[in-house]
Amino acid sequence: MKIILSLFIAVFSLNAATITLDEILLKVQNEHPLAKSIEALKGAHSSQNRAAGLNEPLEFSAEGAYAKPDLDKSGYEYSVGVAQNIMHPNVKKGATQSLRYQNESEILELEHEFFLLRQEVKLLYHVNCLNQKNTLQYRDSFLAFEKFYEKKKRAYEYGEISKKDLLALQIELNRIKAEYKLYENEVNISRDNLESKTLLPFLGEKELSCKDTTPIIKELQFDYENKTLKEQSLEKKILTYQSDFERYNVSFDSFTLGAAYQNELDTDKFVFSLSMPLNFTTSLYEENRAAALHKKSALMYEKEGIKLQKSSHSDALKKELAQNFESINAYQVMVQMYENELMPLVKSAYDLGEASVIEYLLSQRELLGLKKELVEHYKKYYKTLFEIYSVLQTKEKL
Numbered sequence: 061m062k063i064i065l066s067l068f069i070a071v072f073s074l075n076a077a078t079i080t081l082d083e084i085l086l087k088v089q090n091e092h093p094l095a096k097s098i099e100a101l102k103g104a105h106s107s108q109n110r111a112a113g114l115n116e117p118l119e120f121s122a123e124g125a126y127a128k129p130d131l132d133k134s135g136y137e138y139s140v141g142v143a144q145n146i147m148h149p150n151v152k153k154g155a156t157q158s159l160r161y162q163n164e165s166e167i168l169e170l171e172h173e174f175f176l177l178r179q180e181v182k183l184l185y186h187v188n189c190l191n192q193k194n195t196l197q198y199r200d201s202f203l204a205f206e207k208f209y210e211k212k213k214r215a216y217e218y219g220e221i222s223k224k225d226l227l228a229l230q231i232e233l234n235r236i237k238a239e240y241k242l243y244e245n246e247v248n249i250s251r252d253n254l255e256s257k258t259l260l261p262f263l264g265e266k267e268l269s270c271k272d273t274t275p276i277i278k279e280l281q282f283d284y285e286n287k288t289l290k291e292q293s294l295e296k297k298i299l300t301y302q303s304d305f306e307r308y309n310v311s312f313d314s315f316t317l318g319a320a321y322q323n324e325l326d327t328d329k330f331v332f333s334l335s336m337p338l339n340f341t342t343s344l345y346e347e348n349r350a351a352a353l354h355k356k357s358a359l360m361y362e363k364e365g366i367k368l369q370k371s372s373h374s375d376a377l378k379k380e381l382a383q384n385f386e387s388i389n390a391y392q393v394m395v396q397m398y399e400n401e402l403m404p405l406v407k408s409a410y411d412l413g414e415a416s417v418i419e420y421l422l423s424q425r426e427l428l429g430l431k432k433e434l435v436e437h438y439k440k441y442y443k444t445l446f447e448i449y450s451v452l453q454t455k456e457k458l
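Here the sequence shown is numbered in our numbering, starting from 61 and rising by one per residue.
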């Protein structure tokens, strides 16, 4: 009955709606709050950049007064005028460029964060698929051992094996059943982790395809010269401070032109005015220029450090990836030898009474342990692979 129920569940799972990794990533791109935040921020920055290139609004001024210069004359006086602040062309250009580079840097930082999110989603997808595969394999082992136990139970009833052997088999059956439940829980936990990272509730209604997992390859070629989003963000920040440096390298930053009409008791006047700051009277601009230069230098050093770290870290990860590949191959060979050669011999020897039940159970347990370790090596491989993608932010070249 248990076998029939398990087969029914398996068939039902095959018929359930599936979703691929590309479909999940596309949904994340369109629906994840971070992706929406990036798009909204791009719109805000676009408006902000356009606003930075516009002139300041005209200033309107109005004054009124009651005057009585002597006993014969008295009355109201007033004046109205407008003024326009005009920035130095180089200052305006520098300020506009600085703002644009700063905004671009902010977007690149968010895109860097979103890129790392995508790599985590890819890893969690592969981990869940591996957990599913491991659980299905363990279920098959459990069902096969359950069938074997029922056979030996009948043998005990006919007096062909001892009570001690039957109890040992029953304990092992219970242990395998308990571990099978643990593996089922692992699948659920890894699935919950994937859903929590993607923030896509619809995933609960679909099964992962798992037919699109990245193949295990020993040698991968990567583009080490490709600039990461973090490096690009730092470049924009460097340009920001370069623009600030140029902005403060002027004798004056702006001047104000004004025109006003003044109506007095005995005369009307038209007044024109010009005002500008005298930057040479303070060291403010020199200090701001020096600060921009120092910040630019600091960011250039930081960028160089990130570039060197990227190279060394990726080289170490690449070696680790090759080691993971070798471990997978080694464990695959051991699993195949156990399944196809050793276990049939041990089972036959036990059936013929040439081996003890303990020898059989130890061999069975060793096989299950090797399968579990093989899955763990697969997980290590994918963890290293997607960490390389995160460090280099590039697609592999097969």
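Think of the CB as a built atom: it goes at the ideal place given N, C-alpha and C, for glycine as much as any other residue.
query = With burial defined as no fewer than 16 other Cβ atoms inside 10 Å of the residue's Cβ, what is the status of Q453: buried or exposed?
reply = buried
TODO: In the DSSP assignment, find the alpha helix (DSSP H) that holds A409 and state where it starts and stops.
DONE: Taken as a continuous stretch (DSSP letters only), the alpha helix (DSSP H) holding A409 covers 403 to 411.
May I ask you to report which of helix, strand or coil DSSP gives S107? helix
Buried or exposed (CB count within 10 angstroms, at least 16 for buried), I290: A small fix is needed here, since residue 290 is Lys in this sequence, not Ile. Burial call: buried.
#### Entry: Straight-line gap, V140 to A112 (C-alpha atoms, nearest Å)
29 angstroms
| Q322: which of Y301, Y138, E164, I298 sits nearest, CA to CA? | Y138
Query raised in the report: How would you label F202, buried or exposed, when you count the other beta carbons within 10 angstroms and need 16 or more for buried?
Result: buried
task: Please specify which runs of the alpha helix (DSSP H), each continuous and at least 4 residues long, are wholly inside the stretch 378 to 446, giving them in chain order.
output: The stretch 378 to 446 contains these whole alpha helix (DSSP H) runs: 403 to 411.
Please determine, among L190, N163, E169, the residue with the shortest C-alpha to C-alpha distance to Y243. L190
**Message:** Please give me, in chain order, every unbroken run of the alpha helix (DSSP H) with length at least 4 that falls completely inside the stretch 217 to 299.
**Reply:** 223 to 258
- Query: Which residue spans inside the stretch 311 to 352 form an unbroken beta strand (DSSP E) run of at least 3?
  - Reply: 314 to 323, 328 to 335
Fill in: Segment limits, beta strand (DSSP E) that includes N145
135 to 147
Item to check | Alpha carbon of L184 to alpha carbon of L427, nearest angstrom | outcome: 26 angstroms
Is E210 buried or exposed, if buried means 16 or more other CB atoms sit within 10 Å of its CB? With fewer than 16 Cβ atoms within 10 Å of its Cβ, E210 is classed as exposed.
Look up E123 in the DSSP assignment and give the residues it is bridged to.
S139
How many Å lie between T444 and P93 at the Cα?
Going by the C-alpha atoms only, they are around 27 angstroms apart.
**Where T80 falls: helix, strand or coil (DSSP)** = coil
- [ ] Please classify G299: is it buried, with 16 or more other beta-carbons within 10 angstroms of its beta-carbon, or exposed?
- [x] For the sequence presented, residue 299 should be read as Leu rather than Gly. It is buried - the Cβ of L299 has at least 16 other Cβ atoms within 10 Å.
Counting C-beta neighbours from all protein chains within 10 Å, is the total for D272 16 or more, i.e. buried, or is it exposed? exposed
Discussion item. Could you compute how far the alpha carbon of D326 sits from the alpha carbon of Y136?
Written reply: 11 angstroms
Note to self: Give me the residue from T342, K367, A358, Y301 with the minimum Cα distance to Y284.
What the structure shows: Comparing alpha carbon positions, the residue from T342, K367, A358, Y301 closest to Y284 is K367.
Sequence-distant residues of its chain with Cβ nearer than 6 angstroms to L176 (five each side left out): S450
Consult DSSP for Y308 and reduce its assignment to one of helix, strand or coil. coil
Alpha-carbon to alpha-carbon, L377 and Q369: 12 angstroms
How do the stretch 140 to 157 and the stretch 117 to 132 stand: do at least 3 beta-carbon pairs fall below 8 angstroms, yes or no? yes
Discussion item. For M212 and R199, I'd like the C-alpha separation in whole angstroms.
Written reply: Rather than Met, the amino acid found at residue 212 in this sequence is Lys. One C-alpha to the other measures close to 20 angstroms.
Discussion item. Could you tell me the alpha carbon to alpha carbon distance between Y216 and L227, rounded to whole angstroms?
Written reply: 10 angstroms
In chain order, what residues of the same chain have a beta carbon less than 8 angstroms from the beta carbon of F340, not counting five sequence neighbours either side?
Closer than 8 angstroms at the Cβ level, and outside the excluded window around F340, lie S311.
* Can the beta-carbon of S303 be found closer than 8 angstroms to that of G154? -> yes
Considering only their Cβ atoms, is the gap separating A358 from F305 smaller than 8 angstroms?
F305 is not a Cβ neighbour of A358, given a cutoff of 8 angstroms.
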